[in-house]
Amino acid sequence: MTDRVVRAKAPAKINVFLGVGSLRSDGYHDLSTGFLAVSLFEHVEVRAADDFSVTLDGSIDTSSVPLGESNLAIRAARAVAEACGATGGARIRIEKHVPTAGGMGGGSADAAATLVACNELWNAGLSRDELLALAADLGADVPFALTGGVAMGTGRGDQLSPALHRGKMHWVLVPADGELSTPVVFHELDKHRWSQQGELERNVTQPIVSVGAMQALRLGDVRMLAETMHNDLQAPALRLMPRLVGTLELGERMGALAGIVSGSGPTCAFLCEDEESAVQLVQDFCDQSIRAVHVTGPVAGAKITGAKVRS
Ligand code: C5P
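Taking my numbering, I'd label the letters of the sequence shown as residues 24 to 334.
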């Protein structure tokens, strides 16, 4: 019997700005966000099987990732099977490097890589638009993990417009010791806003767009980006995990142009002037016994990295 194996990878993301609007009736918030795909990848391997299953390894703690039907990669594989009428299942192995519940879209990257891998495994022939539609059903950040690069996200964050960008930017990521649940961080933001707003204002907050941050990406101007980065979820994330304030201050004191909580956190992302200062910042964090990772962006979205037939 032959056993076909397909490998794919998909990147993590940083939200260089994230404006959050009112809570909608579907439980989501309208967003306006600038996505940047960075060079930290989830690697996925799929092979045909009778049923759907997932196993995890890699460089991070994966103990909180569900292995059952709620796993995003399993849901992605099932979505492709349903769309193309495949009758069997898929055995999925994920090599994880993006911190879980860290605000960097690790689960979304798993799903995006699984979508492209299963499309290839079953010769499903789904177009990019068809994959994007499946991605949007899986989660708000999954479409961007498919497209990668730089994009402006609106709606739930899943309506993407590719954005112009120039050059490569250097970032240092500091994963936190702990996780933050995305819905809890959004709820903390609502609670705080509602305590300050009247009943009438509750449903009308529009997400703010950082035109300056998009322009900085277009120009490849790191200093301008450092001045214009903004995340509405940062304040609630810091209230829920106050020790992140110290991490942000430390990174900026040690030479980062600016630090920001990534998405709903708790990973902190530091924008650096150039490669040399990013390497130095990683060393400085390391000297303080804090794990830090140097990444660059933008990078491409989910793609096949290999396919072979084993007999
Ligand atoms: O789509 P995803 O599963 O990643 O979203 C997780 C949760 O984050 C949602 O159930 C919702 O509570 C919150 N969320 C939100 N508005 C968004 C995206 C996510 O409120 N635009």
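Where a beta carbon is used, it is the ideal one built from N, C-alpha and C, also for glycine.
Skipping 5 residues on each side, what residues in its chain have a beta carbon closer than 6 Å to that of residue i?
i	result
arginine 114	Arg70, Ala72 and Ser76
isoleucine 283	Met252, Asn254 and Ala292
serine 300	Gly278
glycine 81	Glu118, Lys119 and His120
leucine 46	His52 and Asp213
leucine 59	Ile37, Val39, Val173, Gly320 and Pro321
Taking 7 Å as the cut-off, is the beta-carbon of residue i closer than that to any non-hydrogen atom of ligand 3?
i	result
threonine 205	This structure lacks ligand 3; the ligands present are ligand 1.
Grouping DSSP H, G and I as helix and E and B as strand, with all else coil, what is residue i?
i	result
methionine 252	coil
valine 43	strand
glutamate 65	strand
leucine 59	strand
methionine 247	helix
glutamine 38	One point to set straight first is that residue 38 is asparagine, not glutamine, in the sequence displayed. DSSP places asparagine 38 in strand when its eight states are reduced to three.
glutamate 118	strand
arginine 266	helix
threonine 137	helix
aspartate 307	helix
alanine 109	coil
aspartate 80	strand
arginine 98	helix
alanine 104	helix
arginine 27	strand
Enumerate in chain order the residues of its own chain whose CB-to-CB distance from residue i is below 7 Å, with the five nearest sequence positions on each side excluded.
i	result
serine 184	Ala174 and Met175
leucine 79	Thr85, Val88, Ile117 and Lys119
glycine 111	Ala71, Ala72 and Asp73
glutamine 230	The question names glutamine, but residue 230 is proline in the sequence shown. Here the set comprises Gly42, Val43, Gly44, Asp53, Leu54 and Ser55.
valine 208	Leu256, Pro259, Ala260, Leu263, Ser287 and Gly288
leucine 271	Gly282 and Cys291
proline 20	Outside the displayed range of the chain (24 to 334) lies residue 20, so it cannot be described from this structure.
arginine 246	Leu280
valine 318	Val61, Ser62, Leu63, Trp194 and Leu196
What separation, rounded to the nearest whole angstrom, lies between the Cα atoms of residue i and residue j?
i	j	result
valine 29	asparagine 94	19 Å
histidine 130	alanine 325	According to the sequence shown, residue 130 is glycine rather than histidine. Rounded to the nearest angstrom, the two C-alpha atoms are 13 Å apart.
glycine 180	valine 332	37 Å
tryptophan 145	alanine 96	16 Å
alanine 132	glycine 162	11 Å
aspartate 307	methionine 277	7 Å
alanine 249	serine 233	12 Å
proline 206	leucine 212	10 Å
glycine 235	valine 139	33 Å
glutamine 220	glycine 50	19 Å
proline 122	proline 321	19 Å
arginine 189	proline 265	35 Å
glycine 274	leucine 149	43 Å
alanine 102	threonine 177	24 Å
methionine 24	leucine 157	Caution is warranted here: a pLDDT of 48 is assigned to methionine 24, below 50, making its placement in the model unreliable, and the coordinate value is therefore given only provisionally. Distance between the alpha carbons of methionine 24 and leucine 157 is about 31 Å.
Along the chain, where does the beta strand (DSSP E) that runs through residue i open and close?
i	result
valine 208	That residue, valine 208, is in no beta strand (DSSP E); its alpha helix (DSSP H) goes 205-219.
proline 89	It is not in any beta strand (DSSP E) - proline 89 carries neither H nor E in the DSSP assignment.
threonine 170	Threonine 170 -> not in any beta strand (DSSP E); alpha helix (DSSP H) instead, spanning 165-170.
glutamine 182	182-185
alanine 174	173-177
alanine 124	Careful: alanine 124 lies outside any beta strand (DSSP E) and carries neither H nor E.
phenylalanine 293	291-295
aspartate 49	Where aspartate 49 is concerned, there is no enclosing beta strand (DSSP E), given that its DSSP letter is neither H nor E.
valine 197	192-197
Quick check on the DSSP output: the alpha helix (DSSP H) that includes residue i runs from which residue to which?
i	result
alanine 319	Note that residue 319 is threonine in the sequence shown here, rather than alanine. Segment 316-320 is the beta strand (DSSP E) holding threonine 319; no alpha helix (DSSP H) there.
leucine 327	The sequence shown places isoleucine at residue 327, not leucine. Isoleucine 327 -> not in any alpha helix (DSSP H); beta strand (DSSP E) instead, spanning 326-333.
glycine 148	Counting along the chain, glycine 148 falls outside any alpha helix (DSSP H), and DSSP gives it neither H nor E.
alanine 281	Note, alanine 281: premise wrong, no alpha helix (DSSP H); beta strand (DSSP E) at 281-284.
methionine 237	234-242
Between residue i and chain B, is any beta-carbon pair separated by less than 8 Å?
i	result
serine 300	The structure shown contains no chain B; it is built from a single protein chain.
In chain order, what residues of the same chain have a beta carbon less than 8 Å from the beta carbon of residue i, not counting five sequence neighbours either side?
i	result
aspartate 310	none
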